[in-house]
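For reference, the structure is listed below as structure tokens.
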Amino acid sequence: MALRSNICTIQGRRCLPPTGSCTESTAQTAKTAAIVLQSLTPNAQNVFKIIADYQISHPDEDGMSTEELYSASRERFFVSSQVTLNSHLTEFKYHELVKTKRNSDGQECLNIPLSPDALKQLVLDLNQ
């Protein structure tokens with residue numbers, strides 16, 4: 015990864031720097047997330063939507079497990095291997111679109127650090 019002004023390259027692709035900042039408002043963070051997501055491949059966007067839809071429909075859980083995400087993404091032909099999913103997750107984590115933490119069972123869970131309303135709006139925007 016090489017930084018050049020406000021643009022960086024990951025795996026040979028130009029991309030924006032990380033989105034998160036402790037001073038950014040939720041609206042600004044959601045707007046920045048939308049811009050970053052629009053620069054990603056359709057399959058990466060769809061993988062992100064799987065996490066978002068899970069988080070919206072399971073608000074009391076810690077997040078979606080990596081295993082569940084891989085299974086859902088593979089069933090829908092968004093990824094063909096764990097390596098491809100890991101590549102998408104690396105991109106999401108770099109841009110702070112997704113955070114990881116361990117749940118009480120020790121599983122790694124993926125969580126999008128946006129309010130439920132902002133997340134719903136982001137998904138609607140991606141679907142347009």
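Counted from 1, the sequence shown has number 135 at position 121 by this note's numbering; the numbering is strictly sequential.
Idealized CB from N, CA, C, for every residue including glycine.
Assuming contact is defined by CB atoms lying nearer than 8 Å, are residue i and residue j in contact in what I supplied?
i	j	result
Val112	Leu124	yes
Ile70	Lys134	yes
Ala44	Leu103	no
Glu110	Leu54	no
Leu51	Gln59	yes
Once the 5 residues before and after residue i are set aside, which same chain residues still bring their CB inside 7 Å of it?
i	result
Lys63	Val137, Leu140
Pro56	none
Closer than 8 Å by C-beta to residue i: which residues in its own chain qualify, once you throw out the five before and the five after it? Chain order, please.
i	result
Lys115	Asp76, Gly77, Glu122, Cys123, Asn125
Tyr84	Val93, Gln96, Leu99
Pro73	Pro130
Ala132	Thr40, Ala41, Thr43, Ala44
Buried or exposed for residue i, going by 16 or more other Cβ atoms inside 10 Å?
i	result
Ser118	exposed
Once the 5 residues before and after residue i are set aside, which same chain residues still bring their CB inside 6 Å of it?
i	result
Val157	Absent from the model: residue 157. The displayed extent of the chain is 15 to 142, so no value can be given.
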